[in-house]
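Single-structure report; data block below.
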Amino acid sequence: AQTVTQSQPEMSVQEAETVTLSCTYDTSESDYYLFWYKQPPSRQMILVIRQEAYKQQNATENRFSVNFQKAAKSFSLKISDSQLGDAAMYFCAYRQGGSEKLVFGKGTKLTVNP
Amino acid sequence: NAGVTQTPKFRVLKTGQSMTLLCAQDMNHEYMYWYRQDPGMGLRLIHYSVGEGTTAKGEVPDGYNVSRLKKQNFLLGLESAAPSQTSVYFCASSRPTGIQYFGAGTRLSVL
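Each protein sequence line maps, in turn, to chains S and B.
Heads up: the first sequence at position 40 corresponds to 40 in my numbering, and the numbers run straight through without jumps.
My numbering runs 114 ahead of the 1-based position in the second sequence.
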């Protein structure tokens, strides 16, 4: 079974600085998708960024970018110019190609200090 | 833009009581899902549906039942609630193999 590991239960960053959240996954499949979801105190799960495994180029969404290392099975999230509104739980998730199911990591709590 | 709406937002039950959580989506998505989130854990899939009238078990289905009588609605039932079912429940919907969009969650406490 596929597993997703987030080794950092908590992280903190100063406002305007850059922070990187780690995620590793275990799979024997070649067709899959990876996601980062943000969960602020409101509990709403919000998609931050998505990466298709077949794409070599790292996905980017404004201040959010990923470092996708397929051979190492690593999928880290970089947040640039951190803002107070970035404070949240961040979940890494995996979906096998053709499957409906998302497998989530346990999350990383990000604190942004003013 | 309602998206995915969950009802109720909070509920307290006594052990042995039953209840139904309602999920409604207005995006005409084929797939719908129910997850639970416990402290220190990511979301775990309870049941899901790939279309009206179909349901399937996820990772943690025991103690729950679901129904998808209409495309836009997905119901999660607890027939006899147990304290182990105290959790936050999330509904999500998606197109086939598409991005999942989540509701705001239901916090359930079973005493």
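Beta carbons are placed, not taken as given, at the ideal position from N, Cα and C, and that holds for glycine.
Quick caveat, the model's predicted, so the values are computed rather than measured.
To which residues does DSSP link B:V126 through a beta bridge?
Position 12 of the second sequence, counting from 1, holds the residue named residue 126 of chain B. B:V126 pairs with B:S223.
In angstroms with no decimal places, state the Cα-to-Cα distance between S:Q13 and S:V112.
As a working note, residue 13 of chain S is residue 13 in the first sequence. As a working note, residue 112 of chain S is residue 112 in the first sequence. Residue 13 of chain S is actually Val in this sequence, not Gln. Using only the alpha carbons, I get a separation of about 5 Å.
Since B:A195 and B:V224 should fall inside the 8 Å C-beta cutoff, what is the C-beta to C-beta distance between them, to a whole number of angstroms?
One-based indexing of the second sequence puts residue 195 of chain B at position 81. One-based indexing of the second sequence puts residue 224 of chain B at position 110. Yes, they are in contact, since the Cβ atoms of B:A195 and B:V224 sit about 5 Å apart, within 8 Å.
Contact list for the stretch 80-102 of chain S against chain B, Cβ threshold 7 Å
F91, G98, E100, K101 and L102
Within 9 Å of any Cβ in chain S, is that where the Cβ of B:L159 sits?
For the purposes of this step, residue 159 of chain B is identified with residue 45 of the second sequence, where counting begins at 1. Yes, B:L159 lies at the interface with chain S (some Cβ there is under 9 Å from its Cβ).
In three-state DSSP terms, what is S:D26?
Position 26 of the first sequence holds residue 26 of chain S. Three-state DSSP puts S:D26 in a strand.
Rounded straight-line distance, which links the Cα of B:F204 to that of S:T20
Within the first sequence, residue 20 of chain S is the residue found at index 20, counting from 1. Within the second sequence, residue 204 of chain B is the residue found at index 90, counting from 1. Using only the alpha carbons, I get a separation of about 27 Å.
Please check if any C-beta of chain S sits within less than 9 Å of the C-beta of B:A218.
Taking the second sequence and counting its residues from 1, one reaches residue 218 of chain B at position 104. Yes, because at least one Cβ of chain S sits closer than 9 Å to the Cβ of B:A218.
Kindly indicate which three-state DSSP category B:G191 falls into: helix, strand or coil?
As a first step, residue 191 of chain B is located in the second sequence; it is residue number 77 there, counting from the start. Here B:G191 sits in strand by DSSP.
Reference B:H143; option with closest CA among B:P122, B:Q214, B:G172 and B:H161
Walking along the second sequence from the start, residue 143 of chain B turns up at place 29. Measuring from the Cα of B:H143, the nearest candidate turns out to be B:Q214.
Could you tell me the distance, in whole angstroms, from the CA atom of S:S99 to the CA atom of S:Q56?
The residue you call residue 99 of chain S lines up with position 99 of the first sequence. The residue you call residue 56 of chain S lines up with position 56 of the first sequence. Each residue's Cα considered, the two are about 21 Å apart.
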